[in-house]
DNA sequence: GCCAACGTTGGC
DNA sequence: GCCAACGTTGGC
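Numbering (the numbering used here), first residue to last: 4 to 160.
Dropping the structure here:
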């Protein structure tokens, strides 16, 4: 039986809010709080067994710190209905929820991160959208060839 | 603190 | 539907 094609993604998080160490401790987490349609749509196209790079943003320096696996998809983000949450969306209804999330599982933390600076020296913005100037997307796809290349590099470190 | 790059909102 | 004003993300 042919192995199912898996796709690769990159997911940003500020470590003050949620870090790779938090994920290592908890093993699994719901990737909630996404309130950007483009990022949401990328999440919607994720499949179980896909893998995602964990990226620490707003750090000195920012960069890729680990790898995780997508273990559940098409989940409803519970915080959109929680009036006390900063992720509350009064326009979202239970009949027609606006925001999704996925569940991810820890695979590994890389001993040495690959910084954004290093990535931008290796890859052009057309190859890796992460290095596009002013990129604010919190979730984005990573081309398979680049993903495999990155994993190899990160494991050598 | 500044700024680039968008996304969102609201007037018309 | 257009566009100006404003807000947000996130690098530096």
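Glycine included, C-beta positions come from ideal geometry on N, C-alpha and C.
Bear in mind that the values here come from a model prediction, so they are computed numbers and not experimental data.
Enclosing beta strand (DSSP E) for residue i [first to last residue]
i	result
residue 72	66-79
residue 46	Looking at the DSSP string, residue 46 is not in any beta strand (DSSP E); the run it does join, the alpha helix (DSSP H), is 40-47.
residue 29	Where residue 29 is concerned, there is no enclosing beta strand (DSSP E), although the alpha helix (DSSP H) it sits in stretches over 23-29.
residue 58	54-59
residue 12	11-16
Distance cut-off 6 Å: residue i Cβ against heavy atoms of the ligand FAD
i	result
residue 59	Among the components of this structure there are no ligands whatsoever, and the ligand FAD is therefore not found.
Length of the line joining the Cα atoms of residue i and residue j
i	j	result
residue 101	residue 42	13 Å
residue 65	residue 156	17 Å
residue 139	residue 81	24 Å
residue 20	residue 141	14 Å
residue 158	residue 8	22 Å
residue 137	residue 128	11 Å
Sub-7 Å separation of residue i and residue j beta-carbons
i	j	result
residue 104	residue 35	yes
residue 132	residue 116	no
residue 76	residue 37	no
residue 110	residue 71	yes
residue 106	residue 33	yes
residue 79	residue 108	no
residue 69	residue 130	no
Handout entry: Complete beta strand (DSSP E) runs within the stretch 92-147 (minimum length 3 residues, chain order)
Key = Fully enclosed beta strand (DSSP E) runs of no fewer than 3 residues occupy 103-118 and 142-145 of the stretch 92-147, in order along the chain.
Practice task
Specify whether the stretch 56-76 and the stretch 12-24 touch according to this definition: at least 3 beta carbon pairs, one from each stretch, less than 8 Å apart.
Solution key: Taking a cut-off of 8 Å on C-beta distances, the stretch 56-76 touches the stretch 12-24, as three or more cross pairs fall below it.
Practice task
Take every Cβ of the stretch 19-28, pair it with every Cβ of the stretch 82-98, and state whether three or more of those distances are shorter than 8 Å.
Solution key: No, they do not touch.
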